[in-house]
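Sequences listed follow chains A and B, in order.
When the count follows our numbering, it moves up by one through the first sequence with no breaks and lands on 1233 for the last residue.
When the count follows our numbering, it moves up by one through the second sequence with no breaks and lands on 278 for the last residue.
Note sheet for the following structure.
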Amino acid sequence: MKRASLAFALSFACASASAQFDIGRILDSAKKITEVAKNTSDATREIDQEEEIQIGDGLAMGLLGAVQLYPNDNLQRYVNRVGKWVAMHGERPDLPWTFGVMDSEIVNAFALPGGTIFVSYGLVKRLNNESELAGVLAHEVAHVVKKHQLAAIQSSASSGALGAVGQELLSQKLGRTSVGKVGLQNEVAAMGTNLVKDGFFLRPLDRSLEYEADRTGVVIATRAGYDPYGLVSVLQMMQGLKEEEAGLSIVFKTHPQPSDRITELEKSMVPLERYAAQPQVEARFKQSVPQPK
Amino acid sequence: MKTLIRIALATACLNAATSASAQDAAFTNRATELKDKAAFEALVIIPLPADTPVKVLARSSGWTRVEVNGKTGWVRVFHLRFPATVEAGSSSSSGGFLGGLTSSMGFGGKPKQDGTKLATVGIRGLSEEDMKNASPNPEALRKMQSYRIDKASAERFAKDGKLVTASVEYTDDSSAPAAPSRSKR
């Protein structure tokens, strides 16, 4: 019964979304799914790490249906090296950290539950050195460490949908189900894609969570041995882009203004001044990032 | 005012070959000082009132090298604000298809020539429209996951970059006394 209801709700959401973007109907679907989850009495239980990774994979598959990876293997590997090293200095070093550069001119980065992180080429190409890239990635790593997106998924209407999928995954004990692993992946992918359509990446987190990710991220980047001021430099660059990019970049819809973030960082970074001599690593960055100049 | 910024930017672009970093034009966001070195204890060259326009030459961690009225020195990074670098007429996207949003600018042309950080306006990929039309792409995810790096490789990479792990505590509050200790280098 539960599976049938979920399948019905899923197909309903898919149909309405593909025919025409209709947030009301999708949310309605999500509510129905939430009801299903509630009926099984388990809707608010904690999502375990394996489910968290599945949810992230589903969202990543959906996002990758909207944007391609930047076609440069060297750049992709380079960003993974920086990101992995940074992530090893957070509280969840053993997640399967995966970093991808999106072939997009927007200026933005996304973190998904489970440790999958996207950064746009439009952002990477505007950076000056590795400490700035580390600052960006550390902000996203901090979101994952603190499970900000996962919490948002669990607490919003559409996230009821993901919670239900997580529940499906748990109840079926991956790999020992009649649906099979491929079937489950398809289901998660469909749900992730619906969340993408539903505007998951357009919805802001609470401002305080962004400030927390900034504050936490600069510490993580500093632990990784980088100049602590990399993120500040990036935010100043974004400050300079504001007017031009304002209507175009999702980052300005989903994050506090760069000026406000810099002001908050100024308060919290005083103890990091003693690490100011740590390297920015410029040469390797310039070699690894194709510059459109 | 925009015209002034434009002129200032253009002028700065000609001279600032040392650094294509950050934007070239900035303003002090409070009364501060131009110092002769990138350090709190450095000598003050001149005091700078709030809203003084400066030309950014280079960055060094928590300090920014600037030129003000022919004098060159260092200003604390947090004491600067960067005005929006408006127009995009001088730049174009680095090529390729332009999806979603459009504007009257030309797209898909040559890479920008001016060496400034005037950003591109072309939006390629990942507009809201793109997201609404998304369909799952598991192959791309597998490709992305093929770039994953293991810990040993990351450690070698860090060593090559002379990155050394530091022991740093979180600071939840700016007023909290921090006592981070550094690991052996």
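Idealized CB from N, CA, C, for every residue including glycine.
Remember, predicted model here, so these are calculated numbers, not experimental data.
Handout entry: Rounded C-alpha distance that separates A:Glu1213 from B:Ala132
Key = Between A:Glu1213 and B:Ala132, the C-alpha separation is close to 11 Å.
Exercise for the section: Would you kindly check if the distance between the Cβ of B:Pro229 and the Cβ of A:Gly998 is under 9 Å? Expected result: Less than 9 Å divides the Cβ of A:Gly998 from the Cβ of B:Pro229.
Exercise for the section: Evaluate the contact criterion for the stretch 1150-1161 of chain A versus the stretch 141-155 of chain B: three or more CB pairs, one atom per stretch, below 8 Å. Expected result: Proximity of the stretch 1150-1161 of chain A to the stretch 141-155 of chain B falls short of the contact definition, fewer than three beta-carbon pairs being nearer than 8 Å.
Exercise for the section: Decide if the stretch 988-996 of chain A is in contact with the stretch 1010-1023 of chain A; the criterion is three or more beta carbon pairs, one per stretch, under 8 Å apart. Expected result: No, the stretch 988-996 of chain A is not in contact with the stretch 1010-1023 of chain A.
Handout entry: Host alpha helix (DSSP H) of A:Lys1207 (start-end)
Key = Where A:Lys1207 is concerned, the enclosing alpha helix (DSSP H) stretches over Pro1198 to Ser1208.
Exercise for the section: Note the first and the last residue of the continuous beta strand (DSSP E) segment covering B:Arg158. Expected result: Looking at the DSSP string, the run of the beta strand (DSSP E) that includes B:Arg158 is Trp156 to Val161.
Problem - Per-residue DSSP class, three states only, for B:Leu127 - result: In the structure shown, B:Leu127 sits in a strand (DSSP, three-state: E or B).
Problem - the stretch 1143-1154 of chain A in contact with the stretch 1008-1020 of chain A per 3-pair CB rule at 8 Å - result: Touching, no.
Exercise for the section: Kindly list, in the order they appear in chain A, the residues whose Cβ is closer than 7 Å to that of B:Glu221. Expected result: Leu1142, listed in chain order.
Problem - B:Ala251 versus A:Ala1074 - alpha carbon distance - result: Annotation: B:Ala251 to A:Ala1074 spans about 12 Å, alpha carbon to alpha carbon.
Problem - Exposed unless 16 or more other CB atoms sit within 10 angstroms - verdict on B:Asp162 - result: Correcting the residue type first, residue 162 of chain B is Asn in the shown sequence and not Asp. Burial call: exposed.
Practice task
Indicate whether at least one CB of chain A lies closer than 9 Å to the CB of B:Pro76.
Solution key: The structure shown does not extend to residue 76 of chain B, since chain B spans only 94 to 278, so no value can be given for it.
Exercise for the section: Quick one: grab the DSSP three-state call for B:Leu173. Expected result: Note: B:Leu173 maps to strand in three-state DSSP.
Problem - Proximity of B:Asp129 and B:Trp156 at Cβ, strictly below 9 Å - result: Not in contact: B:Asp129 and B:Trp156 (Cβ atoms no closer than 9 Å).
Exercise for the section: With a threshold of 8 Å, establish whether the CB of A:Arg1032 neighbours any heavy atom of the ligand NAD. Expected result: Within the structure as shown, the ligand NAD is missing, as the structure has no ligands at all.
Problem - Coil, strand or helix - A:Gly1040 by DSSP - result: If DSSP states are grouped into helix, strand and coil, A:Gly1040 belongs with the strands.
Exercise for the section: Measuring alpha carbon to alpha carbon, tell me which of A:Val1085, A:Gly1002 and A:Met1178 ends up nearest B:Pro176. Expected result: Ranking the options by Cα distance to B:Pro176, first place goes to A:Met1178.
Handout entry: B:Pro140 - partner residues in DSSP beta bridges
Key = In the DSSP assignment, the residues bridged to B:Pro140 are B:Glu126.
Practice task
Could you give the DSSP three-state label for B:Lys252: helix, strand or coil?
Solution key: Looking at B:Lys252 - three-state DSSP - the assignment turns out to be helix.
Practice task
Quick one: residues in its chain with C-beta nearer than 7 Å to the C-beta of A:Tyr1061, no 5 flanking neighbours on either side, listed in chain order?
Solution key: Here the set comprises Tyr1010, Val1041, Met1042, Asp1043 and Ser1044.
Problem - Burial state of A:Gln1218 (16 or more Cβ within 10 Å) - result: Classification for A:Gln1218: buried.
Exercise for the section: Return yes when the Cβ of A:Val1064 is within less than 9 Å of the Cβ of A:Gly1030, no when it is not. Expected result: Contact: no.
Practice task
Please classify A:Glu1070: is it buried, with 16 or more other beta-carbons within 10 angstroms of its beta-carbon, or exposed?
Solution key: Buried, because 16 or more other Cβ atoms sit within 10 Å of the Cβ of A:Glu1070.
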